[in-house]
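As C-alpha cells, the structure follows; a few thoughts come after it.
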Amino acid sequence: MRDVALNWNDLGAAMRPVMFFALVAVSFPLGLGADPQLLREVAPGLVWVAALLSVLLALDGLFRDDVLDGTLEQWLLSDLPLSLTVLSRVTAQWIAHVLPVVLMGPLVALGLGLTFDTALILMATLALGTPTVMLLGSLGSALLAPARSGSGLLGLLVLPLFIPILVFGAGTTMAYAGGAEVSAQMALLGAMFVAALSLLPAAIAAALRIVTGG
Amino acid sequence: MAFDSVSEFLAMGRHGPYVWSSFGIAVVCFVAFAIEDRLNRRRAIKKIQQAVRRERS
Amino acid sequence: MARTWQWFHRWGSPPHVFHAGRQWQLGFGVAGFALLTLGWVWGLAFAPVDYQQGNSYRIIFLHVPVAFLAQSLYMAMAAAGLVLLVWKMKIADLVIQATLPIGAVITFLALVTGAIWGKPTWGTYWVWDARLTSMLILLFLYLGGMALRPALPSDVAGRAVALLLVVGVINIPIIKYSVEWWNTLHQGATLKLTERPAMPASMWVPLVISILAMYCLAGFWVLQRLRTLLLLRESKAKWAREWVGEKYGL
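Line by line, the protein sequences are chains A, B and C.
If you're matching positions, the first sequence starts at 6 in our numbering and goes up one per residue.
If you're matching positions, the second sequence starts at 391 in our numbering and goes up one per residue.
If you're matching positions, the third sequence starts at 35 in our numbering and goes up one per residue.
Spelled out as C-alpha cells, the structure:
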C-alpha cells in the first residue's frame with residue numbers, strides 16, 4: 006500500500022508509460038497514412054504493441070533500487086513471504102504505471118476507428134493481459150536488477166514471453182471485430198492471468214534471491 | 391540414383407542454388423564449430439602452461 | 035539408490051567428465067559424421083524426386099534435423115538449469131554455457147534453411163507461418179539466454195540464466211499454441227508447408243538417419259565445448275595441469 010502512495014508521489018515517472026503510449030499510438034497513423042480502413046484493421050495490434058512497449062518502460066529497473074538500497078534485505082527479514090511482497094510491489098507498479106494505459110487504450114482505439122464495443126473488448130483484453138505481461142516482465146526485471154538500466158536487454162529477455170498474450174489479446178479483439186464469438190479466448194486470457202498470478206510471484210522471488218546471491 | 395549424370399545432380403532441376411546453399415551454410419557452421427573449439431582449446435592449454443611457468447619462477 | 039547417487043556425483047566432478055567424456059565425444063563424433071554422410075548422400079543423390087516440389091524438397095534432410103535439434107537442445111538446457119537450481123551441481127552451468135551457442139547456431143540454421151526452402155516452394159523467403167515464427171521466437175530465447183550472462187556478476191549469472199531457461203521452456207508450448215491459433219486467424223492463401231502425403235520409405239529412412247546423425251553430432255559438439263570450458267575454468271586444478279603436462283608438456 007505504501008508502494009502505491011510512493012508511486013503516485015513520483016507522478017512524473019508514473020506518467021512516462023502513458024505518455025509513451027500516447028506518442029506511439031499517435032505516431033502510427035502519422036506514419037501509416039490516414040486511410041481509415043487500414044487504421045481500423047491494424048488498431049488492435051497497434052494498441053497492443055504500444056501497450057507492451059509501455060509496460061516495458063514501467064518494468065525497467067523495477068527492482069533495481071530495492072536491491073541497491075537494502076529494501077530487499079528488509080523484505081527477506083520480514084515475516085511476509087517474499088512472493089507476497091513481490092506481488093504487492095508489482096501490483097502497485099501496475100496500478101500506477103499501466104492502468105492509465107489500459108484506460109487510455111480504448112480511447113486511442115476509438116480514434117483509430119474501432120467501434121465502441123470493439124474498443125471495450127480491447128480494453129478487456131488489456132485489463133486481463135497487461136497484468137500477466139507485467140508479472141512476466143517483472144521476472145526479467147528481477148533477473149536484471151543488478152545490471153545497468155536502460156539497456157534493451159530487458160526487452161530481449163521478456164518479449165518472447167509476451168508473444169502469447171499479445172497474440173491472444175490483439176487476436177481476440179480482431180476476431181470480435183470480425184464478428185466472431187470470443188468468450189473462449191477471453192477465458193483463455195483469464196486463465197493465463199490466473200496462472201501468472203499464482204505461479205510467477207514465487208518465481209520472481211526466486212529470481213531476486215538468485216541475483217543477490219542469497 | 392535419382393539423377394542421370396553428375397551435372398544433373400548439381401543442377402537439381404533448377405533448384406541447385408537453393409539446395410546447395412542450404413547444405414553449404416550448414417557445412418560452414420560445422421567447420422566454424424570445429425575451428426572455435428580448436429582456438430579455445432589452444433587458449434586453455436596456453437593459459438595453464440603460462441600459469442605453471444609463472445609459479446615455478 | 036546409493037549406486038545412482040554415486041553415478042550422479044561422479045558426473046558432477048570435472049576430471050571425470052573431462053576424461054570419461056572424451057570417449058563419449060569420440061563415439062558421438064564418429065557416429066554422427068558417419069550417419070550424416072549416409073543420410074545426406076542417400077537423401078541428396080538416391081532418394082526419388084518429389085512430384086510436388088521437385089528437387090528442392092531435399093533440403094528437408096537438413097532442415098528437419100536441425101529444427102528438431104534446436105528445440106531439443108533448448109529442453110536439454112532447461113533440464114540442466116533445473117539440475118543447477120535444485121541439485122546445485124556446478125557442472126550443469128558449464129553444460130548450459132557449452133550448449134547455448136551451439137543451439138543458437140542450429141536454430142539460425144533451421145530458420146535460414148526454412149527460408150531458402152520457402153523460396154522455390156512458395157515464392158517468398160519468409161512467411162509468418164506457425165512453425166517459422168515459433169522458430170524465430172526460439173532464436174530470441176536462445177539469444178536472451180546468451181545476453182543475460184555478461185550483464186550480471188559471474189557468481190550469480192549461472193543460476194539466473196538457468197531460471198530464465200526454465201521459464202522459457204515452460205513457455206515454448208504456450209508460444210507454439212498461440213502462434214498456431216494466430217495463424218488460423220490470418221490464413222489467407224493456403225501456405226501449408228507440411229501437409230504432405232505420407233513419405234515413401236526411400237524418403238523417410240534417410241530422413242530419420244539424418245535426424246539421428248544431427249543428434250549425435252550435437253552430443254559431439256556439446257561435449258567438445260564442455261571439455262574445453264572445463265580446461266579453461268579449472269586451470270588451477272591438479273587434474274587439468276597433469277593432463278596438459280602429459281599431452282603438451284609444461
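Every residue gets a Cβ at the ideal spot worked out from N, C-alpha and C, and that includes glycine.
In this text the structure is predicted, and so the values were computed from the model without any measurement.
query                                                                                                                                                               : result
Rounded to whole angstroms, what's the CA-CA distance from residue 135 (chain A) to residue 256 (chain C)? Just pull it up for me.                                  : 39 Å
Please list the terminal residues of the continuous alpha helix (DSSP H) segment that includes residue 170 (chain C).                                               : 164–185
Check each candidate in B:401, B:420 and B:409 and name the one with the smallest Cα separation from residue 247 (chain C).                                         : B:420
Please report how far the alpha carbon of residue 49 (chain A) lies from the alpha carbon of residue 26 (chain A), in whole angstroms.                              : 14 Å
Can you name the start and end residues of the alpha helix (DSSP H) that residue 205 (chain C) belongs to?                                                          : 188–219
Would you mind telling me which residues of chain A sit closer than 7 Å to residue 212 (chain C), beta carbon to beta carbon, in chain order?                       : 168, 169, 172 and 173
Give the secondary structure of residue 65 (chain A) by DSSP, where H, G and I count as helix, E and B as strand, and everything else as coil.                      : coil
Looking at chain B, is there any beta carbon in it that lies within less than 8 Å of the beta carbon of residue 272 (chain C)?                                      : no
Can you pull the chain C neighbours of residue 442 (chain B), defined as C-beta to C-beta under 7 Å?                                                                : 275 and 284
If you follow the alpha helix (DSSP H) that residue 126 (chain A) is part of, which residue opens it and which one closes it?                                       : 121–148
Are the segment 59–68 of chain A and the segment 128–144 of chain A touching, with three or more C-beta to C-beta distances below 8 Å?                              : yes
Below 7 Å CB to CB, which residues in the same chain sit around residue 102 (chain C) once its five sequence neighbours on both sides are set aside?                : 245
Any beta carbon of chain C sitting closer than 8 Å to that of residue 394 (chain B)?                                                                                : no
So the candidates are B:443, B:446 and B:436; which of them puts its Cα closest to the Cα of residue 265 (chain C)?                                                 : B:436
Can you tell me the Cβ-Cβ gap for residue 117 (chain C) and residue 109 (chain C), rounded? I've got them flagged as a contact below 8 Å.                           : Not quite, the Cβ-Cβ distance comes to about 13 Å (not below 8 Å), so this is no contact.
Please state if the CB of residue 133 (chain C) and the CB of residue 169 (chain C) are separated by a distance shorter than 8 Å.                                   : no
Got a sec? Which residues, its chain only, sit under 8 Å from residue 51 (chain C) by beta carbon, not counting five neighbours each side?                          : 45, 125, 260, 261 and 264
Using DSSP with H/G/I as helix, E/B as strand and the rest coil, what is residue 88 (chain C)?                                                                      : strand
Could you check where the alpha helix (DSSP H) with residue 50 (chain C) kicks off and where it finishes?                                                           : 48–75
So is residue 102 (chain C) in contact with chain B if we call contact Cβ pairs under 8 Å?                                                                          : no
Along chain C, in chain order, which residues have C-beta atoms closer than 9 Å to that of residue 29 (chain A)?                                                    : Neighbours of residue 29 (chain A) on chain C: none; closest Cβ ~21 Å, over 9 Å.
Which class does residue 271 (chain C) belong to by DSSP, given the choice of helix, strand or coil?                                                                : coil
Show which residues of chain B have a CB atom less than 9 Å away from the CB atom of residue 259 (chain C).                                                         : 423, 426, 427 and 430
Taking the alpha carbon of residue 188 (chain A) as the point to measure from, which residue in A:107, A:198, A:182 and A:177 has its own alpha carbon closest?     : A:177
In terms of residue numbering, what span does the alpha helix (DSSP H) encompassing residue 397 (chain B) cover?                                                    : 396–401
Under a Cβ-count criterion, where at least 16 other Cβ atoms within 10 Å of its own Cβ denotes burial, should residue 40 (chain C) be classed as buried or exposed? : exposed
Return the first residue and the last residue of the alpha helix (DSSP H) that residue 174 (chain A) is part of.                                                    : 158–182
Below 6 Å CB to CB, which residues in the same chain sit around residue 114 (chain A) once its five sequence neighbours on both sides are set aside?                : 48, 52, 124 and 127
Buried or exposed, going by whether 16 or more other CB atoms sit within 10 Å of the CB of residue 425 (chain B)?                                                   : exposed
Let me make sure I understand the geometry here. Which of C:185, C:181, C:171 and C:180 has the alpha-carbon closest to that of residue 210 (chain C)?              : C:171
Where in the segment 97–171 of chain C do unbroken runs of the alpha helix (DSSP H), each at least 4 residues long, occur, reported from the N-terminal end onward? : 125–156
List the residues of chain C whose Cβ lies closer than 8 Å to the Cβ of residue 403 (chain B), in chain order.                                                      : 83, 88 and 89
Applying the 10 Å Cβ sphere with the 16-neighbour rule, what's the burial state of residue 160 (chain A)?                                                           : buried
State yes or no: is the beta carbon of residue 52 (chain C) nearer than 8 Å to at least one beta carbon in chain B?                                                 : no
What does the alpha-carbon distance come out to for the pair residue 71 (chain C) and residue 197 (chain A)?                                                        : 46 Å
Under 8 Å: do the segment 22–42 of chain A and the segment 70–77 of chain A share three or more Cβ pairs, one atom per stretch?                                     : no
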